[in-house]
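Let me begin by presenting the structure, written as structure tokens, before commenting on it.
In this note's numbering, the protein residues as written are 436 to 499.
Next up, the structure:
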């Protein structure tokens, strides 16, 4: 995904679903075997966590 602003990032992050613990374990196992799609699912699963962290930081940090 490409983001043009913080607001764009937050908007796109709100539409991404988090992985359950079992889904994450399954993807991690597949990723060890070289599955790039499973790797991408794990990365995308963490986007909502990153967005919530960024929302709690100072505005000056969001511009970085």
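Heads up, the beta-carbon is just placed ideally off N, CA and C, and yes, glycines get one too. What you are looking at is a predicted structure, and each value in this text was computed from that prediction instead of being measured.
Outcome for residue 463 when other beta-carbon atoms lying within 10 angstroms are tallied against a minimum of 16: As a position in the chain shown, residue 463 is number 28, starting the count at 1. Within a 10 Å sphere around the beta-carbon of residue 463 sit fewer than 16 other beta-carbons, which makes this residue exposed.
message: Would residue 483 and residue 453 be called neighbours here (beta carbons separated by less than 8 Å)?
response: Here the question's residue 483 lines up with position 48 in the chain shown. Here the question's residue 453 lines up with position 18 in the chain shown. The answer is yes: Cβ separation under 8 Å.
task: Would you kindly report the start and end of the unbroken alpha helix (DSSP H) that includes residue 455?
output: One-based indexing of the chain shown puts residue 455 at position 20. Neither: residue 455 is in no alpha helix (DSSP H) and is coded neither H nor E.
- prompt: For residue 476, which option in 461, 486 and 492 has the closest C-alpha, if you only look at C-alpha atoms?
  reply: Here residue 476 corresponds to residue number 41 of the chain shown, with the count starting at 1. Closest option to residue 476, Cα to Cα, is 461.
- prompt: Quick one: does residue 444 have its CB under 8 Å from some CB of chain C?
  reply: Note that chain C does not occur in the displayed structure, where there is just one protein chain.
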